[in-house]
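The next block holds one structure in the form of structure tokens; read it before the comments.
2 protein chains.
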Amino acid sequence: MIDQRLQMLRMVAHHGTVTAAAEALRYTPSAVSQQLKQLSRELGVVLLEPEGRQVRLTSAARSLLRHADTLFAEWERARAELARHVDEPSGALTMCGFSTAAAALLPPAVAGLRDRFPRVRVETIEAEPSECYELVFAGRADLAVVLLTPTTPSLSDPRFDQRRLFDEPLDLLVHPEHRLAEHATVSLAETAEEAWIVARPGTTYHQLTMASCASAGFTPNVAHYANEWETGTALVAHGFGVALVSRLARWSGQHSVVRIPLRGDPIPARRILAVTRAGAGTSPTLDHALGMIGATAEELIGAMADQRG
Amino acid sequence: MIDQRLQMLRMVAHHGTVTAAAEALRYTPSAVSQQLKQLSRELGVVLLEPEGRQVRLTSAARSLLRHADTLFAEWERARAELARHVDEPSGALTMCGFSTAAAALLPPAVAGLRDRFPRVRVETIEAEPSECYELVFAGRADLAVVLLTPTTPSLSDPRFDQRRLFDEPLDLLVHPEHRLAEHATVSLAETAEEAWIVARPGTTYHQLTMASCASAGFTPNVAHYANEWETGTALVAHGFGVALVSRLARWSGQHSVVRIPLRGDPIPARRILAVTRAGAGTSPTLDHALGMIGATAEELIGAMADQRG
DNA sequence: GAAAACCATGTAGGAACGCTGAATGATTGA
DNA sequence: TCAATCATTCAGCGTTCCTACATGGTTTTC
Numbered sequence: 001m002i003d004q005r006l007q008m009l010r011m012v013a014h015h016g017t018v019t020a021a022a023e024a025l026r027y028t029p030s031a032v033s034q035q036l037k038q039l040s041r042e043l044g045v046v047l048l049e050p051e052g053r054q055v056r057l058t059s060a061a062r063s064l065l066r067h068a069d070t071l072f073a074e075w076e077r078a079r080a081e082l083a084r085h086v087d088e089p090s091g092a093l094t095m096c097g098f099s100t101a102a103a104a105l106l107p108p109a110v111a112g113l114r115d116r117f118p119r120v121r122v123e124t125i126e127a128e129p130s131e132c133y134e135l136v137f138a139g140r141a142d143l144a145v146v147l148l149t150p151t152t153p154s155l156s157d158p159r160f161d162q163r164r165l166f167d168e169p170l171d172l173l174v175h176p177e178h179r180l181a182e183h184a185t186v187s188l189a190e191t192a193e194e195a196w197i198v199a200r201p202g203t204t205y206h207q208l209t210m211a212s213c214a215s216a217g218f219t220p221n222v223a224h225y226a227n228e229w230e231t232g233t234a235l236v237a238h239g240f241g242v243a244l245v246s247r248l249a250r251w252s253g254q255h256s257v258v259r260i261p262l263r264g265d266p267i268p269a270r271r272i273l274a275v276t277r278a279g280a281g282t283s284p285t286l287d288h289a290l291g292m293i294g295a296t297a298e299e300l301i302g303a304m305a306d307q308r309g
Numbered sequence: 001m002i003d004q005r006l007q008m009l010r011m012v013a014h015h016g017t018v019t020a021a022a023e024a025l026r027y028t029p030s031a032v033s034q035q036l037k038q039l040s041r042e043l044g045v046v047l048l049e050p051e052g053r054q055v056r057l058t059s060a061a062r063s064l065l066r067h068a069d070t071l072f073a074e075w076e077r078a079r080a081e082l083a084r085h086v087d088e089p090s091g092a093l094t095m096c097g098f099s100t101a102a103a104a105l106l107p108p109a110v111a112g113l114r115d116r117f118p119r120v121r122v123e124t125i126e127a128e129p130s131e132c133y134e135l136v137f138a139g140r141a142d143l144a145v146v147l148l149t150p151t152t153p154s155l156s157d158p159r160f161d162q163r164r165l166f167d168e169p170l171d172l173l174v175h176p177e178h179r180l181a182e183h184a185t186v187s188l189a190e191t192a193e194e195a196w197i198v199a200r201p202g203t204t205y206h207q208l209t210m211a212s213c214a215s216a217g218f219t220p221n222v223a224h225y226a227n228e229w230e231t232g233t234a235l236v237a238h239g240f241g242v243a244l245v246s247r248l249a250r251w252s253g254q255h256s257v258v259r260i261p262l263r264g265d266p267i268p269a270r271r272i273l274a275v276t277r278a279g280a281g282t283s284p285t286l287d288h289a290l291g292m293i294g295a296t297a298e299e300l301i302g303a304m305a306d307q308r309g
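Same order as they appear, the protein sequences are chains A and B.
Under UniProt numbering, think of the first position of the first sequence as 1, with each following residue one higher.
Under UniProt numbering, think of the first position of the second sequence as 1, with each following residue one higher.
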């Protein structure tokens, strides 16, 4: 509804190269290049300038993008309002989320949506938070459940509406005979000298562990890298170190480990966000999905409180 | 930039029929009908319903139109801001206005624009106020100088930005030997018994005369209909009646008539407006055009004050 | 009350638009 | 220096979208 070429320009701005933008939009670089050239001609302003083997956006392009964000958000609002005019919503709704969220929050939402809107095809995609933003931005997903990290887009990014769902506390995972194993709670600072098991660099979860330790005043002494909960738990169970796990994380239970809630002010936690395209939030199906996810989140918070007490 | 089909829908809403909308957009009715049908399919809502031999907009369509107005206005703002990023504006700027305005206000603006922006092709169209709104709405003109009348779109119409330029006082035109000819000013109520020369019904000027007399408490006794100032003046000069002329109206001067300023509270006047598409006002060329017209208007107001004194 | 005018919509054909794929040139990193 | 990455151009082709004409229904007119 809004000229495709504006979305192309947004993608180029976001990815930095024509090629990556084309890939995100499932076009060839050739198509994006031609379209943006023509857009530039039509508007009478230069939008892209060569910079090395890439392109750089001109100030005119950046000015245009600000308005483009407004336009796309307004169109999302229009779509959402139109969706209220149909008796029986149909079409597709795609949700995405990172592993824990995808496991804990999305399935109840899918069930609720199928129940309430039987004609809507509901799909989910498990993806890293950064990819989740991509999916929502590109329109291939309508809703994402992600973590707040320093690398995610700003909460005021005009392309997205982001709302806090809940804060998931973090626990320390130790061997049953570890010196801290009997503690009811533990502060992260007490673990500064421990051997650590963390996820591999580049993953969201690695960032989280490093950031948590950094805010507790130390850099973890990393002994092992493990991306899966299962692997990390096994390493802890063998006494190779301690690890950080989020409260909702689940694994097989084959390994004997102790989970100790962290204390602190604030309590170390990761913030869970629901992300939609700006303006899209008021469509009935998305509204319902957000409601279901929020309710599930509240339930989980309740369960977490029980555990803690 | 905004999907053409939204403009088609806006035109159907404005004109009431697919055929008239198509004509305004220089399409065939078939094209408009097909496009709107496809739009309806894509959005999953019914937009048009048959009503007699015409169509009626559904509530979904009206909802969509509200957002469409916002979208188009935002795009105009984007275009205007982009125009600030080019060193030497080019392209075309079309202004339109009703006869007096076209004669008095537009030529200085054209001259000023040509001087300031030599590469911009400036064009003018003389048209009735209602047609002026059409031209601006359809994008075939960028600026219109019109009269405020009861039939023009509301000042808060989201499709337009309308600003007051000035109020043009009205004068009574009488034969040199008329009983009122020696008066310095005259109130419209004193002319209730006169024979009147008015423009033909359906014209803006007819409306103006009838409305002015109505607000003075009488219905004019119409003796002759004349659309051109020249003809009306000739009739007055032959003693066939009195007529209303606006202060800026000019004619050949062959006919011997007396022009008497009207008095009253407020002084009978017609309000001159500058109309642009919503959001378009900040482009450099349009900004300059508005400035020129405003300046010319102020000069004329000054000249009018001199005349009156 | 029948005919004419008006209006929306459907179908078929043609023009224009927009995409793909391969080729080119330029830059960066190994 | 060679390979990889990136933007851009050109030719070709499929899709989209408009026009022209025809149809069916409604309103107005004589």
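Ideal Cβ placement from N, Cα and C applies to all residues, glycine included.
Can you tell me where the alpha helix (DSSP H) holding residue i begins and where it ends?
| i | result |
| --- | --- |
| Met11(B) | 4-15 |
| His206(A) | 204-215 |
Using CA atoms only, rank isn't needed, just tell me which of the options is closest to residue i.
| i | options | result |
| --- | --- | --- |
| Arg247(B) | Ala195(B), Ile293(B), Asp171(B) | Asp171(B) |
| Glu134(A) | Glu51(A), Val275(A), Glu182(A) | Val275(A) |
| His255(A) | Arg77(A), Glu228(A), Ala237(A), Glu23(A) | Ala237(A) |
| Ile125(B) | Arg164(B), Ala78(B), Val146(B) | Val146(B) |
| Glu128(B) | Val120(B), Phe117(B), Pro118(B), Thr151(B) | Thr151(B) |
| Trp75(A) | Leu6(B), Gly279(B), Arg53(B) | Leu6(B) |
| Leu273(B) | Ile301(B), Gly241(B), Gln162(B), Ala226(B) | Gln162(B) |
| Leu173(B) | Phe160(B), Pro107(B), Thr191(B), Ala243(B) | Ala243(B) |
| Glu42(A) | Leu82(B), Leu48(B), His183(B) | Leu82(B) |
| His178(B) | Ser187(B), Leu188(B), Glu194(B), Asp115(B) | Glu194(B) |
| Glu168(B) | Glu299(B), Ala21(B), Glu131(B), Leu290(B) | Glu299(B) |
| Ala249(A) | Trp229(A), Gly112(A), Val258(A), Gly241(A) | Trp229(A) |
| His288(B) | Phe98(B), Ala103(B), Arg116(B), Pro176(B) | Arg116(B) |
| Ile197(A) | Val18(A), Thr185(A), Val245(A) | Val245(A) |
| Val46(B) | Arg84(A), Thr19(A), Thr191(A), Ala269(A) | Arg84(A) |
Name the chain B residues whose beta carbon is nearer than 9 angstroms to that of residue i?
| i | result |
| --- | --- |
| Ser63(A) | Ala78, Glu81, Leu82, Arg84, His85 |
| Val45(A) | Leu82, Ala83, His85, Val86 |
| Asp157(A) | Near Asp157(A) there are no residues of chain B at all, since even the closest Cβ is about 18 angstroms away, more than 9 angstroms. |
Report the CB separation of residue i from residue j in whole angstroms; it is logged as a contact under 8 angstroms.
| i | j | result |
| --- | --- | --- |
| Leu65(B) | Ala13(B) | 6 angstroms |
| Cys96(A) | Ala141(A) | 4 angstroms |
| Asn122(A) | Leu93(A) | Note that residue 122(A) is Val in the sequence shown, not Asn. Contact holds; Cβ gap of about 5 angstroms. |
| Ala211(B) | Tyr205(B) | Actually they do not touch by this definition, with Cβ atoms about 11 angstroms apart. |
| Leu105(A) | Thr282(A) | Leu105(A) to Thr282(A), Cβ: 21 angstroms. No contact. |
| Gly279(A) | Ala80(A) | 7 angstroms |
| Arg10(A) | Ala78(A) | That pair is no contact at about 18 angstroms. |
| Gly294(B) | Leu165(B) | 6 angstroms |
| Ala24(B) | Ala101(B) | About 22 angstroms; that fails the 8 angstroms criterion. |
| residue 310(B) | Val86(A) | Residue 310(B) falls outside the range modelled here, since chain B spans only 1 to 309, and no answer is possible. |
List, in chain order, every chain B residue whose beta-carbon is nearer than 8 angstroms to that of residue i.
| i | result |
| --- | --- |
| residue 396(A) | Within the shown structure, residues of chain A are numbered from 1 to 309, placing residue 396(A) beyond reach of any answer. |
| Met11(A) | Residues of chain B passing the Cβ test: none, with the nearest at roughly 17 angstroms. |
| residue 359(A) | Residue numbering for chain A in the displayed model covers 1 to 309; residue 359(A) lies beyond these limits and cannot be assessed. |
Taking residue i as part of the beta strand (DSSP E), name the residues at either end of that continuous run.
| i | result |
| --- | --- |
| Gly97(A) | 91-97 |
| Val198(B) | 195-198 |
For a contact defined as C-beta to C-beta under 7 angstroms, what are the partners of residue i on chain B?
| i | result |
| --- | --- |
| Ala60(A) | Leu82, His85 |
| Met8(A) | By Cβ distance, chain B contributes nothing, its closest Cβ being about 13 angstroms from Met8(A), past 7 angstroms. |
Determine the chain A residues that contact residue i at a beta-carbon separation under 7 angstroms, and present them in chain order.
| i | result |
| --- | --- |
| Asp3(B) | Met1 |
Write down every uninterrupted run of the beta strand (DSSP E) in the region 10-79 of chain A whose length is 3 residues or greater and which is fully enclosed by it, in chain order.
Fully enclosed beta strand (DSSP E) runs of 3 or longer: 48-51, 54-57.
Taking only runs that begin and end inside the region 210-298 of chain B, name each unbroken alpha helix (DSSP H) of 4 or more residues, in chain order.
229-237
Can you list, in chain order, the stretches of the alpha helix (DSSP H) that have 4 or more residues and sit fully within the region 105-188 of chain A?
106-116, 129-138
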